[in-house]
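Let me begin by presenting the structure, written as structure tokens, before commenting on it.
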Amino acid sequence: MLDDNKTVFHLIEGGSDEQDLALTLAENLAGDESIDMDDIAVLAQAEGIDPVTTDGEKSDRVESLVDDGVSVKACSNTLEMFDLTESDLVDGVETVSSGVGELTRLQNDGYAYIRP
Amino acid sequence: MLDDNKTVFHLIEGGSDEQDLALTLAENLAGDESIDMDDIAVLAQAEGIDPVTTDGEKSDRVESLVDDGVSVKACSNTLEMFDLTESDLVDGVETVSSGVGELTRLQNDGYAYIRP
Amino acid sequence: MLDDNKTVFHLIEGGSDEQDLALTLAENLAGDESIDMDDIAVLAQAEGIDPVTTDGEKSDRVESLVDDGVSVKACSNTLEMFDLTESDLVDGVETVSSGVGELTRLQNDGYAYIRP
């Protein structure tokens, strides 16, 4: 049906285990040589924002995802809510004006949605 | 790919924080002037049914969503399970015979799916 | 838009209540005579793997789903992580090399995604 393999992971939970799972799934998909992926995205929002900030305990894993070509996006509504700015984000993380707007846009563009 | 922006939020969790998040995301999308949305829907099911009932603590927020044109839907299997009837629902909330059937139908119809 | 009704349930949580809910939703959809479903799939992954193993407390419900024609799939990355093999799975459960790859493939193929 669609010609491309594109996937977005919704990183929205605050628990450390839940965040680990979301990051692991994105890492596994990015590292899986048997699947020809056209794009992998991670959308961080609400309590899921911590890993994409430089002070986040899991920021090194997000750095690696960015290095591996994963599109990591942070919801600017969430940044505002937590008094964060773009300068608090891991290098290479993009901001999007609305996390749910971006998830809608990506799904319209053929991305599969996965909520770990 | 698709010409319309349509989004359905799956309100399925019983925790107050999780319900707040789901409602906030729907409110934000409905109130975002920068996104031209053709439809926003909320599908309430299982432990997520409480906010769409008149006795629910968050029923005022659901009333506002309905007033703002959001399509709020309640799963009738869930109503039966909790001994609720249509008269227990906030004005303007529709019932659907199957919550998961409706989520399937909406996604087939081009709705993006978001599970807060 | 799409001609078929196809739905995949993502079974990824370890809590007993969450697993019960995922299985109940799949059972309800499979048993709903009012909806003409072309396929129903369950993708078990991470902490959600237990019900699809023969030793799992809810394995009888997964057996019934398989008997009812539901496609139940287990992520082989997860099996490896928990030192499980195909012989530990309920009869009729298929393995897929990547759970998230399969979820992407199914959504590309028109499956609606539901994350209970």
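Chains as they are written, first to last, in our numbering: chain A, 1 to 116; chain B, 1 to 116; chain C, 1 to 116. Beta carbons are placed, not taken as given, at the ideal position from N, Cα and C, and that holds for glycine. Source: prediction; values computed, not measured.
Could you spell out the range, first to last residue, of the beta strand (DSSP E) harbouring residue i?
i, result
"Ala-112 of chain C", "112-114"
"Glu-94 of chain B", "94-96"
"Ser-71 of chain B", "71-75"
"Ile-140 of chain A", "This structure gives no information on residue 140 of chain A, because the portion of chain A shown stretches from 1 to 116."
"Phe-9 of chain B", "6-11"
Hey, would you say residue i sits closer than 8 Å to residue j, going by beta carbons?
i, j, result
"Val-66 of chain A", "Gly-92 of chain A", "yes"
"Leu-25 of chain B", "Arg-61 of chain B", "no"
"Asp-30 of chain C", "Asp-68 of chain C", "At residue 30 of chain C the sequence reads Ala, which differs from the Asp that was named. Yes, these two residues count as a Cβ contact at 8 Å."
"Leu-21 of chain C", "Thr-53 of chain C", "no"
What number of angstroms, rounded off, separates the C-alpha of residue i from the C-alpha of residue j?
i, j, result
"Asp-38 of chain A", "Asn-77 of chain C", "21 Å"
"Asn-28 of chain C", "Ala-74 of chain C", "21 Å"
"Leu-103 of chain B", "Gly-14 of chain C", "23 Å"
"Asp-55 of chain A", "Ser-71 of chain A", "20 Å"
"Ser-34 of chain C", "Pro-116 of chain B", "28 Å"
"Asp-32 of chain B", "Leu-43 of chain B", "20 Å"
"Val-96 of chain C", "Val-96 of chain A", "34 Å"
"Gly-101 of chain B", "Glu-80 of chain A", "37 Å"
"Ser-64 of chain A", "Ser-16 of chain B", "34 Å"
"Val-90 of chain A", "Val-90 of chain B", "43 Å"
Within the continuous alpha helix (DSSP H) that includes residue i, where are the two ends?
i, result
"Glu-57 of chain A", "Per DSSP, Glu-57 of chain A belongs to no alpha helix (DSSP H) and is neither H nor E."
"Val-100 of chain C", "99-108"
"Leu-25 of chain A", "16-31"
For residue i, I'd like the list of residues in its chain whose CB is within less than 7 Å of its CB, leaving aside the five on either flank, ordered along the chain.
i, result
"Leu-2 of chain A", "Low confidence applies here, because Leu-2 of chain A scores a pLDDT of 47, under 50, leaving its location unreliable; read the following figure in that light. Hits under 7 Å: Gly-110."
"Ala-46 of chain B", "Ile-12 and Thr-78"
"Phe-82 of chain B", "Ile-49"
"Glu-86 of chain B", "Thr-95"
Within a Cβ cutoff of 8 Å, which residues of the same chain sit near residue i, ignoring the five residues on either side of it in sequence?
i, result
"Lys-6 of chain B", "Met-37, Asp-38, Asp-39, Ile-40, Ala-41, Leu-106, Asp-109, Gly-110, Tyr-111 and Ala-112"
"Ile-114 of chain C", "Thr-7, Val-8, Phe-9, His-10 and Leu-25"
"Asp-4 of chain C", "Asp-38, Asp-39 and Gly-110"
Can you list, in chain order, the residues of its chain whose CB lies under 6 Å from that of residue i, leaving out five sequence neighbours each side?
i, result
"Pro-51 of chain C", "Gln-19, Lys-58 and Val-62"
"Glu-94 of chain B", "Lys-73"
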